[in-house]
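Asker: Structure incoming, see below.
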Amino acid sequence: MIYLIVFIYLLYLSVRYDILGREDYRWTHYRIAVTLLILVAGLRWRVGSDTVSYASDFYFSHDLFHLEWSDFESVMKMPLWVLLQATCKTIWNDFLLFQFVVAAFGIGMIAYFIKKVCPSLCFFILLCFFIGRYTATSMEHMRGSLSIIFFLLGILAVNDGKTKKFLLYFLVAVLFHVFTIFAVFLFVIGYYLIPRKPAIYWLLCVAMIVPILVGKDFMTPIAEGASLFLPSEDMASRITAYATSEWFGNKDLSIINYVWMVAQLIVYVFMLHKTQVIYPQYIRLKQDLFQTCVCIALLLVCARYSLMILYRMVDYFYFFTLFLSVMFAKGILIDRIVRRQKILVFCVLLLFPLFFGAKAWLNEDIIGGSYTYSRYYPYSSVFDKSLDPEREKHHQLRGSGWSVENDY
């Protein structure tokens, strides 16, 4: 029910402010909507498969007065993540505080980024984010959400020409999640080193797609060779697993999904071309910077079935494709029709994110054979702790069945 309430509220705000152009109490409602998203994510109980694992880690972690060098040894526990965990544990030894802090900062800064880059379509973007990536970003990938935020803040610093600031943000992002190195590397290569010519990006996309036809086995020696230059065996084994395991994308390879991947590439390029004229009206980023981030996202989409370790970085560039899609829908499609039909067209266009969101939620989970939506639905909060049998089966298969160690 709580998901439906949030959806209806965001839908109403999108129509009222972004489609019909009303301005009264706009930012008051924006703050209320963001607060609601924070409360839903911050007060959840055992919702999200990774949440329970994080709760167990928190139970065994140390506070600031008892930290040890061993706390920083694992690649899964980067320094700033450990320090944030220890700080929260020192204040209140309950995972709820840590979970709420991560949700509040993560969602709050995402809202800040949206308002900074595309204020005129902020509710439409927030609605699409809620449909597509809210649960995974805010209820699953807790470490990843913090690193994504600082990466996006780094992009804003690049846009403002503040080199020292963007280097600091990127460093902080890496110190929360080591795999951010790949996203930073891709951005630096794409924005500063590769000439901004369409032919080069098309060749790179083809280079990402062709290995699918060869098969994933070619990645094994490459991943093993690259692991020789990494600082730890843990990191090397994870990269090899991401690159070659069927659990991380290869299991979904089929003719239909392959065709859909190519279709995505064509559609995004078409939208990028059609929105060039209206771009300054909606987006407050340098156009070459925005286009570079979109092109990197497209490269990562093409890498889904061949270089899964790269595809994992698509979350860092997700918002740029979202901005592009929303700008195209509003500026090219909705604004060209008469006022009284705008709401109808908006609702029809909304069927697309709803369809793809439902498609993702109804995927069979890689663990336990249940559907993905069971990780997040039905919702359970710390005020109404109800164990969901389907979700608990998933937790148990992951080795995180209910115990005093992961209760909060």
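Mapping of the sequence shown onto the UniProt record's numbering: position 350 corresponds to residue 350, and the numbering continues sequentially without gaps.
In this text, a Cβ means the ideal position worked out from N, Cα and C, and glycines have one as well.
Whole angstroms are fine: how far does the CA of Gly154 sit from the CA of Tyr192?
Answerer: So the alpha carbons of these two residues sit roughly 14 Å apart.
Asker: Identify which residue in Cys302, Asn363 and Phe129 has its Cα closest to the Cα of Ser14.
Answerer: Ranking Cys302, Asn363 and Phe129 by Cα distance to Ser14 puts Phe129 first.
Asker: Should Gly249 go down as buried or exposed, given a rule of 16 or more other Cβ atoms within 10 Å for buried?
Answerer: Any reading at Gly249 is ruled out, since the residue's pLDDT is 49, under 50, leaving its predicted position unreliable.
Asker: Note down, in chain order, each residue of its chain lying with its Cβ closer than 7 Å to the Cβ of Ile334, except the 5 sequence neighbours on either side.
Answerer: The answer, listed in chain order, is Ile19, Lys342, Val345 and Phe346.
Asker: Going by beta carbon distance, what residues of the same chain come within less than 7 Å of Val101, once the five residues before and after it are set aside?
Answerer: Cys88.
Asker: With 16 as the cutoff for other CB atoms within 10 Å, does Ile32 come out buried or exposed?
Answerer: Counting Cβ neighbours within 10 Å, Ile32 comes out exposed, since fewer than 16 surround it.
Asker: What did DSSP end up calling Asp384 once you bin it into helix, strand or coil?
Answerer: Three-state result, Asp384: strand.
Asker: How long is the line joining the alpha carbons of His62 and Val294, rounded to whole angstroms?
Answerer: If I take the Cα positions, the gap works out to 41 Å.
Asker: Is it right to say Trp260 is buried, meaning 16 or more other beta carbons lie within 10 angstroms of its own, or is it exposed?
Answerer: So Trp260 ends up on the exposed side.
Asker: With distance defined between alpha-carbon atoms, name the residue in Asp57, Phe72 and Thr292 nearest to Pro195.
Answerer: If we check each option's Cα against that of Pro195, Thr292 comes out closest.
Asker: Cα separation between Ala55 and Asp384?
Answerer: Taking the straight line joining both Cα atoms gives about 18 Å.
Asker: For Arg312, which of helix, strand or coil comes out of DSSP?
Answerer: DSSP places Arg312 in helix when its eight states are reduced to three.
Asker: Report, in whole angstroms, the separation of the C-beta atoms of Ala86 and Leu64, which I expect to be a contact under 8 Å.
Answerer: Correct: roughly 5 Å between the Cβ atoms.
Asker: Looking at C-alpha atoms only, which residue of Val262, Phe185 and Met271 is the closest neighbour of Phe320?
Answerer: Out of Val262, Phe185 and Met271, Met271 has the C-alpha closest to the C-alpha of Phe320.
Asker: Taking all protein chains shown into account, do 16 or more other C-beta atoms lie within 10 angstroms of the C-beta of Met78, making it buried, or fewer, making it exposed?
Answerer: Classification for Met78: buried.
Asker: Going by C-alpha to C-alpha distance, which of Phe176, Phe182 and Phe150 sits closest to residue 410?
Answerer: The requested residue 410 does not occur in the structure, where the chain is confined to residues 1 to 408.
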